[in-house]
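Each residue of the first sequence is one higher than the last, beginning at 14 in this note's numbering. Just so you know, even glycine gets a beta-carbon here, dropped at the ideal spot from N, CA and C. For clarity, every value in this text was computed on a predicted model and none was experimentally measured. Reviewing the structure listed below.
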Amino acid sequence: MLQLGSIRENPQWAIEGLKKRNFPDPGQAIDRVLELDRSRRELQTESDNLLAAANSKAREIGQMMKTGDKEAAEALKQETVNLKSRIRELEVQLKSSEAILLEELVKLPNVPHESVPPGKSADDNEIVFEWGDRPALPEGALPHWELIKKLDIIDFELGNKITGAGFPVYKKKGARLQRAMINFFLDEAIAAGYSEIQPPLLVNADSGFGTGQLPDKEGQMYEATADSLFLIPTAEVPITNLYRDVILAEDQLPVKNVGHTPCFRREAGSWGAHVRGLNRLHQFDKVEIVQVQKPENSYRALDEMIAHVKQLLEKLRLPYRILRLCGGDMGFTSAITYDFEVWSSAQERWLECSSVSNFETYQSNRLKLRSRTDGKTQLLHTLNGSALALPRIVAALLENNQNADGSVTIPGVLVPYTGFDRIN
RNA sequence: AGAGAGUUGGCGGAGUGGUCGAUCGCGGCGGUCUUGAAAACCGUUGUACCGCAAGGUACCGGGGGUUCGAAUCCCUCACUCUCUGCCA
């Protein structure tokens, strides 16, 4: 969430930021937060003063009891009766005031970075980079959902049977390819200085709040209601929450973690031809990189993460482009997001396969993730990016690399991991 | 899952109703001493909020309660450990 102090110091900054996101009536929202903040502080001042008075009376009574002056003590006790009831009243008011303020604050999305273009939808995103030539496909080339059937490497029917739509079963060379890619991505990240994490796949509500999935977006996650836990929609949630309520020392920074996890997304209401095959699933595998950085270094880290993802796609020889998301298309918690899209040549469309974001202090403010410098604490910046999400890479790879005889060629970098150079 | 014991500051560990944000030890930081280092000695060392400041308030696993006053008593939840059971 946004820092109250920043809003107080520069309300215009917040209003302009929300405008860029097409947030409805930003001026009113900010005014409301500022007003709630002001009244909360008033309540606290009054409450603190009364508590101070009560504390000093209690101390006096303590003294009197010690010296045996029971009468004076009793008299003083009487004096505290009114004070106490007023304190209770204020306590209730203060708590509710804090709760309402938090509720409102949490409704505000992050303020976009100055380089984020304005815009309403995905149509307004900026294409900032493009790499690779779109392959010319052989006669009779197939979309990936036909290929996987023919090659018998991914089975949606079986997934339907044991779970439901969107839960494919990977088989034989399909399973092997998937595992190979995970290992390749992990090894690349480790070589780039990331430290491997295997986090839990279920998280509690506090974690959901910390990274911004909760409140309000619980509908996107599967929930294990009996235990009040959520299946992770991305490794970002557990890996970033590792640092919830943590004050890092200078020498622990920067934090660079990588983790492979399955991701679970309900994706309610998504239907139609564009979600066929591997295009959109309820469960998929992803390798995620996460960084925690000092504010002055976070944009350099963002560039480094982008370079890392670029390099992965280039090693796989997959044509891709990079988009800078516009204010209207960015995620709620992000200050800036670059999406990577891979070219799926049989479908003849771009498929999002990575999203790299800097959240600045938006998450760390919720997480209470800070560092200490010269005795002072400071909120850190959190960043993350997919490196990479598997299914759409698999889809593009199968389509782009299909041969006239119906086989699929495996890119050279993966062969040491797959143990085969062709699926047929 | 059943029975019992716990949860205190970075760590260890006191504290069972009165000035305790918390004795002490270790660790960290600063200093004295030393050519340098170690040892020794002295000092310092949690977080958040309110306040221009002085200062104040809150926090001893979470929440609630009793009391003029709670780390200390009561209720409740969570977690940890030990034993028994079950199990990859």
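- The three-state secondary structure of A262, taken from DSSP, is strand.
- For Q415, there is no enclosing alpha helix (DSSP H), as DSSP marks it with neither H nor E.
- Rounded to the nearest angstrom, the Cβ distance from I210 to N138 is 31 angstroms, too far for a contact under 8 angstroms.
- Closest by C-alpha distance to R289, out of F353, E159 and S420, is E159.
- Under the three-state reduction of DSSP, Y333 is assigned to strand.
- When the five nearest sequence neighbours on each side are left out, the beta carbons in the same chain lying within less than 6 angstroms of the beta carbon of P181 are those of I167, F169 and G172, in order along the chain.
- Contact between K299 and A188 does not hold, since the beta-carbon distance rounds to 16 angstroms and is not under 8 angstroms.
- In the DSSP annotation of this structure, the continuous segment of the beta strand (DSSP E) that includes S370 starts and ends at R362 to E373.
- L382 places its beta carbon less than 7 angstroms from that of V259.
- By the 16-neighbour rule on beta-carbons within 10 angstroms, N254 is buried.
- Residue environment: V94 is assigned as exposed (fewer than 16 neighbouring CB atoms within 10 Å of its CB, all protein chains considered).
- For the 7 angstroms CB-CB criterion, L315 and N371 form a contact.
- Listed in chain order, the non-local C-beta contacts of N310 below 7 angstroms within the same chain comprise P267, local neighbours out to five positions each way being set aside.
- The bridge partners DSSP lists for L382 are V259.
- Look at P275 here: in three-state DSSP terms it is strand.
- With the rule of 3 Cβ pairs closer than 8 angstroms, the segment 94-104 does not count as touching the segment 322-335.
- DSSP places A237 within a strand segment (E or B) once states are collapsed to three.
- A residue is called buried when at least 16 other Cβ atoms come within 10 angstroms of its Cβ; I406 meets this threshold and is buried.
- For S52, the enclosing alpha helix (DSSP H) has its first and last residue at P39 to T80.
- The residue from N68, C339 and N414 with its alpha-carbon nearest to that of L31 is C339.
- By the Cβ-count criterion, Q226 is buried, with 16 or more other Cβ atoms from all chains shown falling within 10 Å of its own Cβ.
- Relative to H157, the option among E117, P404, E365 and M234 whose CA is nearest is P404.
- In the DSSP assignment, T390 falls within the beta strand (DSSP E) that extends over K389 to L392.
- CA-CA distance, I195 to M343, rounds to 27 angstroms.
- Fully contained in the segment 115-203 are the following beta strand (DSSP E) runs of length 3 or more, in chain order: 139-144.
- Checking the DSSP bridge columns, you'll see T350 partnered with S370.
- By the criterion of a C-beta distance shorter than 6 angstroms, L121 is surrounded in its chain by L15, once the five residues flanking it on both sides are discounted.
- The beta carbon of K186 is closer than 6 angstroms to those of I166 and I436 in its chain, skipping five residues each way along the sequence.
- Assigned with DSSP and collapsed to three states, K97 falls in helix.
- DSSP places V288 outside any beta strand (DSSP E), giving it a letter other than H or E.
- Per DSSP, reduced to three states, the secondary structure at F222 is helical.
- Minimum Cα-Cα distance from V303 among the listed residues R278, G272 and A262 corresponds to G272.
- In the DSSP assignment, V300 falls within the unbroken beta strand (DSSP E) covering Q296 to Q306.
- Looking at the DSSP output, G398 shares a beta bridge with I302 and V369.
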